[in-house]
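Visitor: Would you mind keeping the following structure in view while I ask a few things?
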Amino acid sequence: MSSLKFQHLSLNSPQLALAASFNANDLSEFNRALNNGANVNLRDRDTTYSAFELACKTPGKKQFIRACLNRGAAVSERNPQTNEYPIHLAALSFDTDNLSELLELPRIAVDQKYEDRTALFLLFEQINGDNWKEVFECIKLLLKYHANINATNEDSVSPIALLVTGNDGWRKEILEYCLQNYSVNVDFRRKQARKAIEQHFPGTIIPKIDMENVTLEILRNKLVAGTEDEFLTAYEKYSRQNEGHVLRDEDFTDLLSNAVYQAKQMIALKLLEGRIVGGKFTGKPALLSGLLAMCCNRGNVPLLEMLLKIIPDTEVWLINEDPLLSLLVKQIDVYKDKNKCPFFKSMGILLKDPRIEVDKIDVKHYTAMHYAVKYKIDHAQELLLAKGAYVGGENMFGESPISDMDSLLLEKHLDSCVTSNDRKPGDEDYEVRIDFSNFIPPAHKPNYAKPAQVPFVGLPYEDEMQPIVRMAQSSSAKRLLRHPVISSILLLKWLKLICFFYINLVICTTFFVSFTMYVVFCYGREDAPFKLFFYFVSLAGWIYLIVRELIQFLLNMRVYVRSLENGMEVLLILASGAVLMREFGDETRRVASACVILLSALEFTLLIGTLPVLSIATHMVMLKTVSKNFLKCLVLYSIILLAFAFSFYTLFRVSGSAKSVETSTGETEQGGADADDDQFNQFQEVPLALMKIAVMLTGEFEAANIKFQQSSLSYVIFALFLFFVSIVLFNLMNGLAVSDTTAIKAESEIIGITQKVFLINKYENALKTSKPIRCVTERLAWIFPSNSLQLFSNADPLKYIVVKPNQSNTIMIPSLVSRYTHDVEKGNLELGNKLENDRLLEHNQKYSTECCIMPCLSNMDGKIVKYALEILHSRQQNVGSIDYRLSRMEQNIEQMVQRQTDLGNQIQSLVTMLQARS
Numbered sequence: 001m002s003s004l005k006f007q008h009l010s011l012n013s014p015q016l017a018l019a020a021s022f023n024a025n026d027l028s029e030f031n032r033a034l035n036n037g038a039n040v041n042l043r044d045r046d047t048t049y050s051a052f053e054l055a056c057k058t059p060g061k062k063q064f065i066r067a068c069l070n071r072g073a074a075v076s077e078r079n080p081q082t083n084e085y086p087i088h089l090a091a092l093s094f095d096t097d098n099l100s101e102l103l104e105l106p107r108i109a110v111d112q113k114y115e116d117r118t119a120l121f122l123l124f125e126q127i128n129g130d131n132w133k134e135v136f137e138c139i140k141l142l143l144k145y146h147a148n149i150n151a152t153n154e155d156s157v158s159p160i161a162l163l164v165t166g167n168d169g170w171r172k173e174i175l176e177y178c179l180q181n182y183s184v185n186v187d188f189r190r191k192q193a194r195k196a197i198e199q200h201f202p203g204t205i206i207p208k209i210d211m212e213n214v215t216l217e218i219l220r221n222k223l224v225a226g227t228e229d230e231f232l233t234a235y236e237k238y239s240r241q242n243e244g245h246v247l248r249d250e251d252f253t254d255l256l257s258n259a260v261y262q263a264k265q266m267i268a269l270k271l272l273e274g275r276i277v278g279g280k281f282t283g284k285p286a287l288l289s290g291l292l293a294m295c296c297n298r299g300n301v302p303l304l305e306m307l308l309k310i311i312p313d314t315e316v317w318l319i320n321e322d323p324l325l326s327l328l329v330k331q332i333d334v335y336k337d338k339n340k341c342p343f344f345k346s347m348g349i350l351l352k353d354p355r356i357e358v359d360k361i362d363v364k365h366y367t368a369m370h371y372a373v374k375y376k377i378d379h380a381q382e383l384l385l386a387k388g389a390y391v392g393g394e395n396m397f398g399e400s401p402i403s404d405m406d407s408l409l410l411e412k413h414l415d416s417c418v419t420s421n422d423r424k425p426g427d428e429d430y431e432v433r434i435d436f437s438n439f440i441p442p443a444h445k446p447n448y449a450k451p452a453q454v455p456f457v458g459l460p461y462e463d464e465m466q467p468i469v470r471m472a473q474s475s476s477a478k479r480l481l482r483h484p485v486i487s488s489i490l491l492l493k494w495l496k497l498i499c500f501f502y503i504n505l506v507i508c509t510t511f512f513v514s515f516t517m518y519v520v521f522c523y524g525r526e527d528a529p530f531k532l533f534f535y536f537v538s539l540a541g542w543i544y545l546i547v548r549e550l551i552q553f554l555l556n557m558r559v560y561v562r563s564l565e566n567g568m569e570v571l572l573i574l575a576s577g578a579v580l581m582r583e584f585g586d587e588t589r590r591v592a593s594a595c596v597i598l599l600s601a602l603e604f605t606l607l608i609g610t611l612p613v614l615s616i617a618t619h620m621v622m623l624k625t626v627s628k629n630f631l632k633c634l635v636l637y638s639i640i641l642l643a644f645a646f647s648f649y650t651l652f653r654v655s656g657s658a659k660s661v662e663t664s665t666g667e668t669e670q671g672g673a674d675a676d677d678d679q680f681n682q683f684q685e686v687p688l689a690l691m692k693i694a695v696m697l698t699g700e701f702e703a704a705n706i707k708f709q710q711s712s713l714s715y716v717i718f719a720l721f722l723f724f725v726s727i728v729l730f731n732l733m734n735g736l737a738v739s740d741t742t743a744i745k746a747e748s749e750i751i752g753i754t755q756k757v758f759l760i761n762k763y764e765n766a767l768k769t770s771k772p773i774r775c776v777t778e779r780l781a782w783i784f785p786s787n788s789l790q791l792f793s794n795a796d797p798l799k800y801i802v803v804k805p806n807q808s809n810t811i812m813i814p815s816l817v818s819r820y821t822h823d824v825e826k827g828n829l830e831l832g833n834k835l836e837n838d839r840l841l842e843h844n845q846k847y848s849t850e851c852c853i854m855p856c857l858s859n860m861d862g863k864i865v866k867y868a869l870e871i872l873h874s875r876q877q878n879v880g881s882i883d884y885r886l887s888r889m890e891q892n893i894e895q896m897v898q899r900q901t902d903l904g905n906q907i908q909s910l911v912t913m914l915q916a917r918s
């Protein structure tokens with residue numbers, strides 16, 4: 001029955017059958033599973049070892065190992081979770097049969113290391129009084145197959161040194177076997193093993209070995225415990241003894257890594273000597289993997305420079321393998337002199353290399369700029385900003401560098417991004433250049449490689465507005481929105497957006513006007529003039545609103561449902577659709593018409609408030625701010641208002657009997673309107689009492705109609721109401737409104753720019769696509785192209801713009817044209833410096849929105865140009881100041897000292913190399 005079960009399992013799931021038969025020790029079913037396609041090298045999600053590795057580490061599985069080897073078992077593959085090789089697993093099984101199956105293979109590496117230990121070393125580690133016989137047999141077997149008895153671990157401890165830590169009899173037996181049959185070096189680590197043998201096993205004869213024969217273990221020992229000269233001497237001897245033999249890649253990597261870790265530059269140069277041609281490393285690039293990070297972690301400036309020089313230009317990945325700049329920034333001491341800090345010097349060296357990825361992220365999605373801002377390292381921030389580090393981007397906690405950056409430091413850098421050509425300010429061809437390097441997303445920069453640990457965020461391109469939105473949300477950095485760099489980006493984006501905005505504005509305005517005219521003058525009237533005209537215009541506008549909201553919903557569902565304005569627009573569509581599709585009865589029609597008119601008016605007000613006119617934007621912010629603050633106060637003070645409403649309802653309402661008596665005597669029988677007013681002023685019902693209190697809050701008391709004679713306490717309560725509500729509360733809310741309005745007017749320009757930021761960001765969000773609905777948005781690309789508002793594209797990111805103040809503030813953007821082509825403006829052949837491509841030349845062309853409706857929008861705002869000219873003028877004034885001259889002198893002295901230090905290091909290295917060769 002069990003056999004049939006295995007056969008069925010083997011046919012349906014060979015991999016499960018393989019594991020089950022192995023656990024059941026059924027070799028025939030194990031072979032059947034292999035014949036049906038089971039993979040001996042496959043590791044399941046819940047298991048650490050493959051079937052072959054389990055067979056190696058389990059005693060008594062010799063035949064299973066042989067079956068696995070016949071089916072292509074990976075003998076030289078390392079386990080990715082434990083880093084063990086099959087030879088180590090077989091050795092630790094203490095089963096000579098298991099081990100012999102592997103050792104008989106011609107391709108097996110006997111001295112393969114796991115955590116810097118060979119299989120033989122592991123056996124000496126695990127040996128004890130209980131298992132020494134089985135382990136001794138495995139040791140004999142490994143030594144028979146030429147395992148290195150002198151292979152040490154990372155601390156240069158040899159297997160014999162582990163063995164002679166005690167004086168047990170079995171230890172002496174194994175020791176004598178090794179000493180008599182193999183060349184054992186007992187002099188590692190200042191003769192540690194020899195001293196232990198003389199202490200625990202006196203009289204033991206230690207055969208002399210040829211110490212002239214230099215092995216890799218001796219080289220390792222010299223590298224770790226000796227001087228550079230000792231290693232270089234031993235290495236020269238090793239090279240003579242092994243003439244024509246090249247170090248294996250594993251041994252070369254091991255020695256070079258240790259040399260870099262020990263900061264022994266001469267040894268590293270010696271090891272690299274035979275693998276460098278024309279100043280570049282010609283071996284496998286992977287052999288240098290991790291060395292740059294090691295240099296950065298230890299602040300090894302000379303080795304870092306040397307490695308950067310020898311890495312081929314084609315192997316950019318090797319330089320950006322690790323977030324090197326982040327490693328350095330995290331170790332900079334903010335209180336230490338930057339000129340003496342090796343980590344800061346290493347940063348400068350890396351940033352001078354054009355192959356470095358400045359915005360490389362680590363596992364926490366932190367960039368070097370994130371760490372520089374987090375640890376408040378101003379000089380690191382300045383250096384990164386000068387090299388174009390991105391000020392946006394979010395780490396795994398949603399934090400952005402620009403949110404916490406010192407606004408003064410950022411302003412200083414932004415000022416440096418505004419430059420001019422060598423012309424005089426009054427010349428016709430005077431140019432102002434505005435650099436955008438720090439706002440180009442990393443994906444659009446050279447050397448960028450999408451990191452594997454970053455998941456897909458659902459957008460086809462980077463969010464260019466993210467750093468500017470963060471600035472608008474920051475109380476300290478908000479003022480920098482006026483800066484020419486930021487204002488220029490906003491202006492260029494607004495010029496791209498303006499077509500979408502005004503088309504939407506015109507259509508929505510037409511809809512609101514026609515729909516209001518239809519509801520007020522035509523709805524429910526058959527003989528109304530222009531009824532059909534207003535109806536069809538309103539219907540067309542209503543359809544446009546549906547299409548617009550549907551597109552916004554499909555393009556970004558998550559953002560759409562979070563917006564209160566979008567919810568109001570959906571409500572408007574539903575209500576206006578109901579009015580347009582059906583004419584209700586008189587009462588229902590009046591209610592529906594009133595609601596729809598209010599909704600459409602509110603929506604139209606919000607739409608008009610988005611106009612890029614300073615006064616309109618400011619007044620809309622006033623309206624929203626005052627309304628929000630008033631509602632916040634009202635929520636808190638509503639407790640007092642409710643208390644007075646219930647008090648007045650209790651005191652002033654007329655009981656049923658009293659009301660009937662008054663009616664019978666005719667004292668209160670007047671017109672119907674007077675009766676309603678009297679009922680409203682006498683708090684007859686709770687809803688009427690609440691409404692009356694709200695009216696009285698505004699100062700409309702009508703106290704003559706309130707019957708105070710019903711209770712003497714009513715005078716006291718009414719007096720309290722006058723004081724707390726009418727005087728204190730009403731004036732308090734008025735004061736809050738006035739203070740909010742004053743503050744908003746004082747920052748009207750910043751508020752207007754902030755509103756423009758949010759508006760542009762809103763429209764960009766509407767044009768972004770998310771992964772789940774990409775199939776839909778691809779079909780809508782002809783309506784709203786996903787990159788229609790992008791300034792920075794993969795093909796040609798806009799690094800800077802040029803403004804000509806004396807030519808109507810014309811905006812010029814860089815482009816690449818063929819060399820030696822005719823320049824229309826200058827009337828001659830265009831000449832210039834070589835670019836990376838000899839056939840291309842950097843050239844500026846006039847900026848245009850490429851819009852069929854408004855093609856002439858290509859001039860910079862005069863306020864932005866004026867601000868930029870003020871920055872340039874103030875910089876020119878500072879050039880002659882004493883502070884500026886002193887700072888320049890300090891910079892020059894620092895450069896001279898640095899050059900002398902570098903020259904001294906080079907001379908010292910050269911002298912040491914010559915001495916070593918001699």
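Letter by letter, the sequence shown follows residues 1 to 918 of full-length UniProt numbering. Quick reminder that beta carbons are idealized off the backbone N, C-alpha and C, glycines included. Note that the structure is a prediction, hence the values are computed from the model and not measured.
Are there 16 or more other CB atoms within 10 angstroms of the CB of S874, so buried, or fewer, so exposed?
Guide: As a position in the sequence shown, residue 874 is number 874, starting the count at 1. When all chains shown are included, S874 counts as exposed.
Visitor: Name, in chain order, the residues that DSSP records as bridge partners for D861.
Guide: Taking the first residue of the sequence shown as 1, we reach residue 861 at position 861. For D861, which the question treats as bridged, DSSP gives no partner whatsoever.
Visitor: Can you name, in chain order, every residue of its own chain whose Cβ lies under 8 Å from the Cβ of A196, other than the five neighbours on each side?
Guide: Counting from 1 along the sequence shown, the entry for residue 196 is found at position 196. A161, V164 and T165, listed in sequence order.
Visitor: Between the beta-carbon of L729 and the beta-carbon of Y649, is there less than 8 Å?
Guide: Numbered from 1 along the sequence shown, position 729 holds the residue referred to as residue 729. Numbered from 1 along the sequence shown, position 649 holds the residue referred to as residue 649. Using a Cβ distance threshold of 8 Å, L729 and Y649 do not count as a contacting pair.
Visitor: Report the residue ranges of all alpha helix (DSSP H) runs contained in full by the stretch 29-85; include only those spanning at least 4 residues, in chain order.
Guide: 51-57 and 62-70
Visitor: Please list, in chain order, all residues of the same chain as A645 whose beta carbon is under 7 Å from its beta carbon, the five residues on each side excluded.
Guide: As a first step, residue 645 is located in the sequence shown; it is residue number 645 there, counting from the start. Short of 7 Å from the beta carbon of A645, and not among the five residues preceding or following it, lie these beta carbons of its own chain, in chain order: A689, L690 and I693.
Visitor: Provide the residue(s) that pair with Y800 in DSSP beta bridges, ordered along the chain.
Guide: Walking along the sequence shown from the start, residue 800 turns up at place 800. Its beta-bridge partners are D435.
Visitor: Out of curiosity, what's the CA-to-CA distance linking G832 and N242?
Guide: Taking the first residue of the sequence shown as 1, we reach residue 832 at position 832. Taking the first residue of the sequence shown as 1, we reach residue 242 at position 242. Note that G832 scores 39 on pLDDT, short of 50, meaning its location in the model is unreliable and no value can be drawn from it.
Visitor: In or out: G388 buried (at least 16 other Cβ within 10 Å) or exposed?
Guide: Sequence index remark: in the sequence shown, residue 388 carries index 388 (1-based). It counts as buried.
Visitor: Measure the C-alpha to C-alpha separation of K309 and L903 and round it to an integer number of angstroms.
Guide: Here residue 309 refers to the residue found at position 309 when the sequence shown is read from its first residue. Here residue 903 refers to the residue found at position 903 when the sequence shown is read from its first residue. So the two alpha carbons sit approximately 17 Å from each other.
Visitor: Applying the criterion that 16 or more other CB atoms from any shown protein chain within 10 Å of the CB defines a buried residue, is F231 buried or exposed?
Guide: What you label residue 231 is simply residue 231 of the sequence shown in a count that begins at 1. Buried is the call here.
Visitor: What residues in its chain sit with their C-beta under 7 Å from that of L385, if we drop five residues either side in the sequence?
Guide: Here the question's residue 385 lines up with position 385 in the sequence shown. Correct list, in chain order: H413 and N438.
Visitor: Taking 8 Å as the threshold (C-beta atoms), are Y430 and N806 in contact?
Guide: Counting from 1 along the sequence shown, the entry for residue 806 is found at position 806. Counting from 1 along the sequence shown, the entry for residue 430 is found at position 430. Contact flag set, yes.
Visitor: Compute the Euclidean distance between the alpha carbons of D740 and M622, then round it to the nearest angstrom.
Guide: Counted from its first residue, the sequence shown places residue 740 at position 740. Counted from its first residue, the sequence shown places residue 622 at position 622. Taking the straight line joining both Cα atoms gives about 7 Å.
Visitor: One question on the structure: do V757 and V559 come within less than 8 Å of each other, judged by their Cβ atoms?
Guide: Taking the first residue of the sequence shown as 1, we reach residue 757 at position 757. Taking the first residue of the sequence shown as 1, we reach residue 559 at position 559. Taking 8 Å as the Cβ cut-off, V757 and V559 do not qualify as a contacting pair.
Visitor: What do you reckon, are the CB atoms on I434 and P401 nearer than 8 Å?
Guide: For the purposes of this step, residue 434 is taken as residue 434 along the sequence shown, with counting starting at 1. For the purposes of this step, residue 401 is taken as residue 401 along the sequence shown, with counting starting at 1. The Cβ-Cβ distance between I434 and P401 does not fall below 8 Å.
Visitor: Out of N36, I750 and L18, point me to the one whose CA is closest to I65's CA.
Guide: For this step, residue 65 is matched to residue 65 along the sequence shown. Residue L18 is the option with its Cα nearest to I65.
Visitor: In terms of alpha-carbon separation, which member of G541, E749 and E583 lies closest to I503?
Guide: Along the sequence shown, read from residue 1 onward, the residue named residue 503 stands at position 503. It is G541 whose Cα lies nearest to the Cα of I503.
Visitor: Compare the Cα-Cα distances from V802 to each of Y763, I744 and A868 and report the closest residue.
Guide: In the sequence shown, counting from the first residue as 1, residue 802 sits at position 802. Distance check between V802 and each of Y763, I744 and A868 places A868 closest, using alpha-carbon atoms only.
Visitor: Taking I440 as the reference, which of S76, Q15, Q790 and S28 has the closest Cα?
Guide: As a working note, residue 440 is residue 440 in the sequence shown. Checked all of S76, Q15, Q790 and S28; the closest Cα to I440 is Q790.
Visitor: According to the Cβ coordinates, are Y114 and E84 closer than 8 Å?
Guide: Numbered from its first residue, the sequence shown carries residue 114 at position 114. Numbered from its first residue, the sequence shown carries residue 84 at position 84. Yes.
Visitor: For the candidate residues E549, E749, A578 and L651, whose alpha-carbon lies nearest to that of T618?
Guide: For the purposes of this step, residue 618 is identified with residue 618 of the sequence shown, where counting begins at 1. Checked all of E549, E749, A578 and L651; the closest Cα to T618 is E749.
Visitor: I'd like the list of long-range same chain contacts for C595, defined as Cβ closer than 7 Å, with 5 residues on each side in sequence excluded.
Guide: Walking along the sequence shown from the start, residue 595 turns up at place 595. The answer, listed in chain order, is A575.
Visitor: Would DSSP call Y235 helix, strand or coil?
Guide: Looking up residue 235 in the sequence shown gives position 235. Helix, per DSSP.
Visitor: Under the three-state reduction of DSSP, which class applies to S407: helix, strand or coil?
Guide: The residue you call residue 407 lines up with position 407 of the sequence shown. If DSSP states are grouped into helix, strand and coil, S407 belongs with the helices.
Visitor: Residues in its own chain within less than 8 Å of G279 by CB, not counting five upstream and five downstream?
Guide: On the sequence shown, residue 279 is found 279 positions in, with the first residue counted as 1. Correct list, in chain order: K309 and I310.
Visitor: How far does the beta strand (DSSP E) with S420 in it extend, from its first residue to its last?
Guide: One-based indexing of the sequence shown puts residue 420 at position 420. For S420, the uninterrupted beta strand (DSSP E) run begins and ends at V418 to S420, by DSSP.
Visitor: Quick one: grab the DSSP three-state call for Y114.
Guide: By 1-based counting over the sequence shown, the position of residue 114 is 114. Three-state DSSP puts Y114 in a strand.
Visitor: Taking just the CA atoms, how far does I206 sit from E173?
Guide: What you label residue 173 is simply residue 173 of the sequence shown in a count that begins at 1. What you label residue 206 is simply residue 206 of the sequence shown in a count that begins at 1. Cα-Cα distance, rounded: 14 Å.
Visitor: Look up residue 927 in the DSSP assignment and say whether it is helix, strand or coil.
Guide: This structure gives no information on residue 927, because the portion of the chain shown stretches from 1 to 918.
Visitor: With distance defined between alpha-carbon atoms, name the residue in A51, A293, R248 and Q265 nearest to K284.
Guide: For the purposes of this step, residue 284 is taken as residue 284 along the sequence shown, with counting starting at 1. Ranking the options by Cα distance to K284, first place goes to R248.
Visitor: In the DSSP assignment, the alpha helix (DSSP H) including M294 goes from what residue to what residue?
Guide: In the sequence shown, the residue the question calls residue 294 occupies position 294. It spans L291 to R298 - the alpha helix (DSSP H) in which M294 sits, taken as one unbroken run.
Visitor: For the putative contact between I108 and V75, defined by C-beta atoms under 8 Å, what is the C-beta separation to the nearest angstrom?
Guide: Within the sequence shown, the letter at position 108 stands for residue 108. Within the sequence shown, the letter at position 75 stands for residue 75. Indeed, because the Cβ distance is near 6 Å, the residues count as touching under 8 Å.
Visitor: Please give the ranges of any alpha helix (DSSP H) in the stretch 344-397, keeping only runs that are unbroken, at least 4 residues long and fully inside the region.
Guide: 368-374 and 378-386
Visitor: Assuming P335 contacts D359 (C-beta within less than 8 Å), just tell me the rounded distance between them.
Guide: Here residue 335 corresponds to residue number 335 of the sequence shown, with the count starting at 1. Here residue 359 corresponds to residue number 359 of the sequence shown, with the count starting at 1. Reading the sequence as shown, one finds Tyr at residue 335 and not Pro. Wrong, their Cβ atoms sit about 27 Å apart, outside the cutoff.
Visitor: Using DSSP with H/G/I as helix, E/B as strand and the rest coil, what is I276?
Guide: Counting from one through the sequence shown, the residue named residue 276 turns up at place 276. In this structure, I276 counts as strand in the three-state DSSP scheme.
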